[in-house]
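In this text, residue positions in the sequence shown follow full-length UniProt numbering: the first is 1, and each later residue adds one. Heads up, the beta-carbon is just placed ideally off N, CA and C, and yes, glycines get one too. All figures in this text were calculated on a predicted structure; none of them were measured in a lab. These notes are about the structure you will find just below.
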Amino acid sequence: MRGDRQDQQKKLSDEQLVLNAQSDKTAIGELIARYICTVEFLAKKYGTEVHEDLVQEGLMGLLGAVRTYREDKNAKFSTYATKCIKNKIISSVHRNALLSGGEEADLEAILGGGGTVPEEVVVEREELNELYDKITSALSEQEWQVFQSFLRGMSYNQIALGLGTSEKAVDNAMQRVRRKLRSLLR
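Below, the structure is given as structure tokens:
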């Protein structure tokens, strides 16, 4: 029964999962699984010394996004969630810098950036969303599942067991994924 619910959750859009998250904890689990790479990436981008703490902050940002997302605001959940995750991580970095430094810290210095302009962030996010859409439409359902599992750090053996297929089928799927990604990124 639980496996069936998890399989159903994987087929839902992020927005549908957010609606389900109020009453179904597996929906929250699926959202975390979908966004853990984003959380890890942003945590690594904004600080390596306290990486685990920043991952936890990012996950709290994701859960906050699940609680406060409003579909009627005409924003994709992925855009909203990424912004919430990023803001929570940046706030944590800034708060820790203020506490440890004892004086007002310059946010740009903390983030180690050249001062990214908000318009650049929006354009970058739109480009990432377009790339994500291209990837998901180019890959078959099996290839997408194998690719997501691989990104989560699973071995071919673990992926094969999870999907009920052979390691050779997983390897073949990953070869197709690599070929399609190379083609898309040219």
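message = Taking 6 Å as the limit between beta carbons, can you name the residues of its chain near M154, skipping five residues before and five after?
response = In the sequence shown, the residue the question calls residue 154 occupies position 154. Once the five neighbours on either side are set aside, M154 has no close Cβ partner at all.
message = DSSP three-state label for M154, please.
response = The residue given as residue 154 occupies position 154 in the sequence shown. Of the three classes helix, strand and coil, the one that applies to M154 here is coil, per DSSP.
query = For T82, does the count of other Cβ atoms within 10 angstroms reach 16, so buried, or fall short, so exposed?
reply = For the purposes of this step, residue 82 is taken as the residue at position 82 of the sequence shown. T82 is buried by the Cβ-count criterion.
ask   = Quick one: any contact between the region 55-63 and the region 24-40, if contact means 3 or more CB pairs under 8 Å?
value = yes
ask   = Would G58 be called buried (16 or more neighbouring beta carbons within 10 Å of its own) or exposed?
value = On the sequence shown, position 58 is the one that residue 58 refers to. When all chains shown are included, G58 counts as buried.
task = Would you mind reading off the limits of the alpha helix (DSSP H) that contains T26?
result = As a working mapping, residue 26 is identified with position 26 in the sequence shown. That run of the alpha helix (DSSP H) goes 25-46.
ask   = For F147 versus V177, is the C-beta distance shorter than 8 Å?
value = Reading the sequence shown from its first residue, position 147 is the one you call residue 147. Reading the sequence shown from its first residue, position 177 is the one you call residue 177. Yes; because the gap between Cβ atoms is below 8 Å, this pair is in contact.
key: Cβ shell of V18 (< 6 Å), same chain only, five flanking positions each side left out   = Taking the first residue of the sequence shown as 1, we reach residue 18 at position 18. Excluding positions up to five away in sequence, the list reads V66, Y69, F77.
request  = With R176 as the anchor, note down where its alpha helix (DSSP H) starts and where it stops.
outcome  = The residue you call residue 176 lines up with position 176 of the sequence shown. Unbroken alpha helix (DSSP H) run through R176: 167-184.
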